[in-house]
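In my numbering, the protein residues as written are -3 to 476. To start, the structure under review is shown below, and the notes come after it.
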Amino acid sequence: MTTVVESGQTASSWLAGAGDTDVSVVINPVTEKPIATYRNASVADVDEAVQRAVAAKRAWGNTPPVERAELLLKIADAVEAEAEEFALLECENVGKPITHARDEMPWAWDVIRFSAGAARLSHAPAAGEYANGSTSWLRREPLGVIGLITPWNYPLLMAAWKLAPAIAAGNTVVIKPSELTPQTTIKLVELMNRFLPDGVVNLVLGDSRAGRAIVEHPAIRMVALTGDVSTGKTVAALAAATLKHTSLELGGKAPIVVFADSPVAQTARDLVEFGFANSGQDCTAACRIIVEDAAYDEFVEAYCAEVAKIKVGDADDPATTMGPVISERQLERIEGFVERARGYGAVIRTGGERLPRAGWYYAPTVVTDIDQSSEIIQREVFGPVVTIQRGRDDDEMLEMANGVDYGLSASVWTTNLARTLRFTRELDFGTVWVNQQIFTASEMPFGGFRDSGYGKELSGHGLDEYSQFKHVMVKPELAP
-3 MTTVVESGQT ASSWLAGAGD TDVSVVINPV TEKPIATYRN ASVADVDEAV QRAVAAKRAW
57 GNTPPVERAE LLLKIADAVE AEAEEFALLE CENVGKPITH ARDEMPWAWD VIRFSAGAAR
117 LSHAPAAGEY ANGSTSWLRR EPLGVIGLIT PWNYPLLMAA WKLAPAIAAG NTVVIKPSEL
177 TPQTTIKLVE LMNRFLPDGV VNLVLGDSRA GRAIVEHPAI RMVALTGDVS TGKTVAALAA
237 ATLKHTSLEL GGKAPIVVFA DSPVAQTARD LVEFGFANSG QDCTAACRII VEDAAYDEFV
297 EAYCAEVAKI KVGDADDPAT TMGPVISERQ LERIEGFVER ARGYGAVIRT GGERLPRAGW
357 YYAPTVVTDI DQSSEIIQRE VFGPVVTIQR GRDDDEMLEM ANGVDYGLSA SVWTTNLART
417 LRFTRELDFG TVWVNQQIFT ASEMPFGGFR DSGYGKELSG HGLDEYSQFK HVMVKPELAP
């Protein structure tokens, strides 16, 4: 049985047969019923995929950027044309509301189109005589074969964020989606292989063993991962053995700093949307709110009132605004955080329990009266749980905001320009929003500081992650 989805093939290459015992079962988190069962890739499967990528890398790397761009634009058009199919798959597999899944789709084809354009641009300094008698220039070259490991919360978007710049830069790839949510990645790879030469994009399905085989494979020159901090540290350690380049987008614990001059009702309404989108399973979720003392009580009341308006329901219901979490394991993890917080004296303002219905649903939860050192402040919950803390003044709120090991994203809610300038300068996070949250732009880089990893996605910097730069220095004539 072929183990790689080749050009013209379907996902049937990975469907488990009667004799397969090492499998991953993909489950709909709304119904708790299986969607598909796939074989887990073996080390030999991963090696086969890598060898196909190796065989294709020279020809693809030598393809002119304009031709790579043209193919990416065709892929983007095809993704847009099939957006509804992608959205329905994402809804079924992740459990996110169908309206939210549809809203995400333009972000996928936008990054592909941006990468197509970026492939044709040179960001290198102009050639010149930087040393006497010699002319220098830079060559952007592909790294070779790239291993891509993507998460379960935004499977299509994260695949597009990684595949598009890696291919645009002239690399070939082996991609492994999360075993929990492979459906849209399978479809995306099949779609891309309608247009790309064989071996440019290769798919493997499986669990962490397949991921480890990718990271340890000697022919892979870079690994790009979106995942949690512990996985990122494991990948970095394994990659170091062969000095692979790594790009790691890891967890977050975003501080949301709300000042009294911000309009309370509107701010609360916006932050509920940004806190509970995708059931809080977002590394940039507005999950850790710090409110200036003068507005704290009013804000908490307004925020809880907005949370009460969240409609939890079936993902395919257009009226639903929040669906389930991804798995029973994730649900139990969230329950553990909240119960331990309750045990050390936190106040559960709303929610704080799993919902009595089929599916892995947890009630939208607001937690207050928490110490800065508490677990629920310091660790990523990754669920529909938001904490609200009280801050006395600018200095204390800044200290509280920076007082975690994560450094992915933050936001400031204020109408004060001086305060905006100070906080955007002093917040130790890779992205800082002002009066908004979560949104990205393909033209701007995205990536974390500290335990949230390193490397950039999106923008020209994202293309640079998948490139290596060669300095060429020419002396026109030999010295006599």
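Beta carbons: idealized from backbone N, C-alpha and C, even for Gly.
8 Å contact criterion, which residue i and residue j should meet: CB distance rounded
i    : j    : result
G444 : L246 : 6 Å
T177 : W157 : Rounded, the Cβ-Cβ distance is 15 Å, inconsistent with contact.
T317 : I306 : 5 Å
D257 : T420 : Their Cβ separation, rounded to whole angstroms, is 16 Å, which puts D257 and T420 out of contact at 8 Å.
E297 : R336 : So it is not a contact: roughly 26 Å between Cβ atoms.
Terminal residues of the alpha helix (DSSP H) in which residue i lies
i    : result
H457 : 455 to 461
S407 : Counting along the chain, S407 falls outside any alpha helix (DSSP H), though it belongs to the beta strand (DSSP E) covering 405 to 409.
E80  : 79 to 90
K56  : Note that residue 56 is Trp in the sequence shown here, rather than Lys. Note, W56: alpha helix (DSSP H), 39 to 57.
T416 : 413 to 422
R205 : 204 to 212
T238 : Segment: none, T238 is in no alpha helix (DSSP H) and carries neither H nor E.
I372 : 371 to 374
Beta-carbon proximity check, residue i vs residue j, cutoff 8 Å
i    : j    : result
I171 : L152 : no
R446 : G403 : yes
G546 : K471 : This structure does not reach residue 546, given that the chain is present from -3 up to 476, and the question cannot be answered.
F295 : A281 : no
D289 : R388 : yes
E212 : L234 : yes
A49  : T168 : yes
V22  : Q277 : no
G379 : Q326 : yes
A65  : A115 : yes
F442 : L454 : yes
S275 : E175 : no
K504 : L84  : Since the first residue of the chain shown is -3 and the last is 476, residue 504 is not available in this structure.
T181 : T227 : no
Contact set for residue i: own chain, Cβ-Cβ below 7 Å, skip 5 residues either direction
i    : result
L192 : L67
A206 : N36, A37, V42, K172, V200
T95  : P314
V26  : G91, D310, A311, G319, P320, G355
Boundaries (first-last residue) of the beta strand (DSSP E) holding residue i
i    : result
V22  : 19 to 24
G399 : No beta strand (DSSP E) contains G399, which DSSP labels as neither H nor E.
G426 : Unbroken run through G426: none, as it is neither H nor E.
G387 : 381 to 387
Contacting residues, own chain, Cβ-Cβ under 8 Å from residue i (five flanking each side not counted)
i    : result
V0   : Interpretation of V0 is limited by its pLDDT of 39, a score under 50 that renders its predicted location unreliable; the figure taken from the coordinates is listed afterwards. Here the set comprises S9, D41, E44, A45, R48, N198, L199, V200.
A55  : P193
E439 : F110, L454, S455
D99  : none
6 Å CB neighbourhood of residue i in its chain, flanking five on each side removed
i    : result
I434 : F270, T280
E473 : none
S463 : R136, A165
V343 : T364, D365
G309 : T316
V253 : I286, M393, A397, V408
T59  : none
S3   : Annotation note: pLDDT 34 at S3 (below 50); position unreliable, no value reported.
K70  : F191
A232 : T242
Residue i CB to nearest heavy atom of the ligand ADP below 7 Å
i   : result
E63 : In the structure on display, the ligand ADP does not appear, and there are no ligands present to speak of.
| message | For a minimum of 4 consecutive residues, which ranges assigned as the alpha helix (DSSP H) are wholly contained in the stretch 282 to 358? | response | Listed in chain order, the complete alpha helix (DSSP H) runs (minimum 4 residues) inside the stretch 282 to 358 are 289 to 303, 324 to 339.
| Hey, which unbroken runs of the beta strand (DSSP E) at 3 residues or more fall wholly within the stretch 106 to 155? | Within the stretch 106 to 155, the complete beta strand (DSSP E) runs of at least 3 residues are 124 to 127, 130 to 138, 141 to 145.
| task | Please go through the stretch 166 to 236 and give each complete beta strand (DSSP E) segment of 3 or more residues, from N-terminal end onward. | result | Positions of the beta strand (DSSP E) runs, each at least 3 residues long and wholly inside the stretch 166 to 236, are given as 168 to 172, 197 to 199, 216 to 222 in order along the chain.
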